[in-house]
Structure formats: structure tokens, C-alpha cells
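These notes concern the structure reproduced below.
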Amino acid sequence: MRELRFALIGAGFWAHYQMCGWQSVDGARCVAICDPAESRAWALAEKHGISHVYCELRKMLDEQSVDFIDIVSSVESHVPVARVALERGIATICQKPLAESLAAARAISDFATQQAVKLLVHENWRWQTPLRKVKQILESGRLGQIVRARIDYANSFPVFENQPALKEMTQFILTDIGTHILDVSRFLFGEASELYCQTRRMRPDIRGEDVATVMMRKESGFTVTCNMSYASKWEYDRFPQTMVAVEGTAGGLTLGNDYQIRLVDQNGDEEISVPIPQYAWANPDYALIHSSIVDCHRNLLADLAGENPAETTAADNLRTLQLVYAAYDSASHDSVQKLAEFQ
Ligand code: 89V
């Protein structure tokens, strides 16, 4: 595979790990970093041996020839940056959430289609090895018909210490973690036809909601509930783990603490311990997520190299964002949202 050249847009907290992730896969080489804060861009460049730093995106794209850009900057910059790259025919990878609203996400996805240029979303959560294993078990049919399922991401991790910008978001947990968790609900259980959501703000010093409960009727008829919280001290307070429980007519499973899957079916009980790929560069608090970055990179890169279609194209990710924004609508009107009209 030819090595693809890319530029990283953004040099904040996440950018360092995103770059380490790229260095852990074959086939991509960063040639430049762009961030309006020149000193932090240089700090990142020096750490990773990158010799070109820019504060201005257009200047960078005039001077550097790249096969794609990887946007790791703050949410409000995603659409404007992607538009500049797509106008020039440059494939674009963007962090979640793709845009600040569903309409803006749809518009940039349509624009990429019009330009016939790839726009992919770096939705890494579904690449966590325990979640891939759960998917494999569901697909094996061992559980029979699904009766109902639950996904929990509820902990008391001080997430704002590393990512203070999250405190300022007027829409917080559903856009930041809900994008991941609702994407996982689609990955594991398919699309939803109806959704109901309630939200709460527990911390007084943040602007958005830090608790959300989303209940969905899946197209195949069963109910999936997603519980999200950054205010919960309980048995499953294990950032950044996602817990899953599935009840089936022939068996059930739980993905619990420390990546243990417990499977109960006609053959008895089985404990499956799912290994997490370890990377020396990973931040210990985020090791699970950082390992998922690498597999997500591989999947997106294979698409850009013309090998396999990516799982999380912009068009696919619109369906996740439909759930996120339907959840806000549901919470603000205290009403069930029919999702057919969004699709
Ligand atoms: O991946 C993310 O969405 C981050 C996290 C809170 C996990 O660091 O914002």
C-alpha cells in the first residue's frame, strides 16, 4: 500500500494521542500540523518530529501536498475546516461530533458527496475490543432473539480536568459521549424507530447536561436503553468502560468491569476475558480508548487507500447524529420522537 500523506488539524489534548495512533499503523505519514496557537502546534510537532507547522489552513494546503487531513480541533471548527479541504478535493477525516447541529452535519456530508470527495468520521468507540467481541457473540445467534438490552456509561471521572472546553458546552454529554454510545447502540443492535430521552445537570459548574437516559425501540422490535452519566459513583464507576447487558430468548450476556463478558445459555455459564491492545504511549486513564483509536485509524485508512469501505463514513454517522439530536428534542419537549422522519 502506498504511504498516504496527511496533515493534522488541531494540537490540543487529543492530538498527541491521535498522532501516536497514526504512528502505530502502517501506511500514513503526517507532513504538517495546523493550529492557530503556533506554540502548541510546534510543541506537538517537535514531540513527533514533524517539520512543518502552520497557523493558517489555506496556506498549509497551498504549500503541502496531502492525500487527506485529519481534523482533531474543537467542534465549531469541524465544518469550516472540512469545507476548505473538500473544496480542494482533499479527503477528510473528522472527529466526532461532525458538526454542531444535525443540519450542519447533513450539509457538509452532502457537500462531500457533491464534490465526490471522501468525508469520514473518526468514531473510535465501536472499535474497543470488548465491544467487537459482544458484536461477534450477537451475530453468532447464541442468544436467540433479543428481548432487550442496556448500555451503561456512567462514572465519576473528572473529565473536565483534561478537557476543560467540555465545561463550556451547552449540549454536553449527548454530543460528547452520546455520539459514541448511540453509535455503539447502532453497531450492536441496528437502527431505532422511536426514541425517548431525559437529561439532567448534576454539576453546578458546567453549562450542559452531564446525565442522559435514552430509551429506543429498535427496528427489530426490542428496547435498548442507554444510561450516560459523569456524576455516578457506583459499582460500575470505571471510566472509560462501557457496560452492556443483553437478554435473549436463548441466553444472555453482560459486559462488565474489566472487560469481562459473562455469557449464560443452555451450555451453562462462560466467562470471556477480552484483551485490550496495549500501547506504551497510551495514557493509562484512557488506554482502552487509545487502543480503539488505532483500529479506527486502520479502518479509515483502508477506505482512503481504496481497499475496504470505512464503517463510519459521514453518511453513516448522520444516523448517529440523528439519534443525538432526537434525544435533545425528546428531552426538551418530554416527548417520544419517531425516527422514520429523520431518515
Ligand atoms: O472520546 C471522547 O469523546 C472524549 C473522552 C471524554 C472519552 O475523552 O471526549
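The working numbering applies: residue 305 is where the sequence shown begins, and numbers increase by one.
Each residue gets a CB set at the ideal place from its N, CA and C atoms; glycine is no exception.
If you're wondering where the values come from, they're calculated on a predicted model, not measured in any experiment.
Does any heavy atom of ligand 1 sit closer than 6 Å to the C-beta of residue i?
i, result
"Pro462", "no"
"Pro544", "yes"
"Asp480", "yes"
Label residue i either buried or exposed according to how many other C-beta atoms from any shown protein chain fall within 10 Å of its C-beta, with 16 as the threshold for buried.
i, result
"His601", "buried"
"Ala319", "buried"
"Glu539", "exposed"
"Asp689", "Absent from the model: residue 689. The displayed extent of the chain is 305 to 647, so no value can be given."
"Gln467", "exposed"
"Gly482", "buried"
"Arg490", "buried"
"Glu427", "buried"
"Ala407", "exposed"
"Asn612", "exposed"
"Cys359", "exposed"
"Arg430", "buried"
"His594", "buried"
"Lys422", "buried"
"Met364", "buried"
"Ala631", "buried"
"Ala409", "buried"
"Gln545", "buried"
"Phe317", "exposed"
"Glu513", "buried"
"Ser328", "buried"
"Asn603", "buried"
"Ser378", "exposed"
"Asp562", "exposed"
"Ser369", "exposed"
Please report the straight-line C-alpha distance between residue i and residue j, rounded to a whole angstrom.
i, j, result
"Met288", "Gly572", "For residue 288 there is no data in the structure shown, the boundaries of the chain being 305 and 647."
"Arg521", "Leu478", "18 Å"
"Val568", "Ser533", "28 Å"
"Pro588", "His382", "28 Å"
"Gln399", "Ala609", "19 Å"
"Cys324", "Trp585", "7 Å"
"Thr558", "Lys437", "12 Å"
"Ala347", "Arg309", "21 Å"
"Leu424", "Gly448", "34 Å"
"Ser444", "Ile565", "15 Å"
"Arg344", "Leu470", "19 Å"
"Leu374", "Thr553", "Correcting the residue identity first, residue 374 is Asp in this sequence and not Leu. Cα-Cα distance, rounded: 43 Å."
"Phe646", "Gln626", "Note that Phe646 has pLDDT 49, beneath the 50 cutoff, so the model's placement of it is unreliable and the number below is only indicative. Roughly 7 Å between the two C-alpha positions."
"Thr396", "Arg387", "9 Å"
"Glu367", "Ala606", "26 Å"
"Arg507", "Gln570", "45 Å"
"Glu498", "Gln641", "6 Å"
"His484", "Gly353", "31 Å"
"Gln440", "Arg446", "10 Å"
"His356", "Gln418", "31 Å"
"Glu342", "Ile576", "47 Å"
"Tyr629", "Asp480", "12 Å"
"Ala614", "Asp620", "10 Å"
"Thr624", "Asp487", "5 Å"
"Met547", "Thr529", "12 Å"
"Asn550", "Thr517", "Note that residue 550 is Val in the sequence shown here, rather than Asn. Taking the straight line joining both Cα atoms gives about 17 Å."
Tell me the residue span of the beta strand (DSSP E) that contains residue i.
i, result
"Glu575", "572 to 577"
"Asp569", "564 to 569"
"Ile373", "372 to 375"
"Arg333", "332 to 338"
"Ala664", "Lying before the first or after the last residue shown, residue 664 is absent from the chain, which here runs from 305 to 647."
"Glu551", "547 to 552"
"Leu643", "Taken as a continuous stretch (DSSP letters only), Leu643 belongs to no beta strand (DSSP E), as it is neither H nor E."
"Gly555", "555 to 559"
What residue range does the alpha helix (DSSP H) around residue i cover?
i, result
"Phe310", "It is not in any alpha helix (DSSP H) - Phe310 instead sits in the beta strand (DSSP E) that spans 308 to 313."
"Gln322", "317 to 327"
"Arg446", "It is not in any alpha helix (DSSP H) - Arg446 carries neither H nor E in the DSSP assignment."
"Glu367", "361 to 367"
"Ala347", "342 to 352"
- Any chance you could list the alpha helix (DSSP H) runs of at least 4 consecutive residues sitting entirely within the region 454 to 540, in chain order? The qualifying runs are 463 to 466, 477 to 480, 482 to 493.
- Can you list, in chain order, the stretches of the beta strand (DSSP E) that have 3 or more residues and sit fully within the region 594 to 632? Whole beta strand (DSSP E) segments, 3+ residues: zero.
- Message: Just to confirm the assignment: which complete beta strand (DSSP E) runs, minimum length 3, are found wholly within the region 392 to 437?
- Response: The beta strand (DSSP E) runs of length 3 or more contained entirely in the region 392 to 437 are, from start to end of the chain, 395 to 399, 423 to 426.
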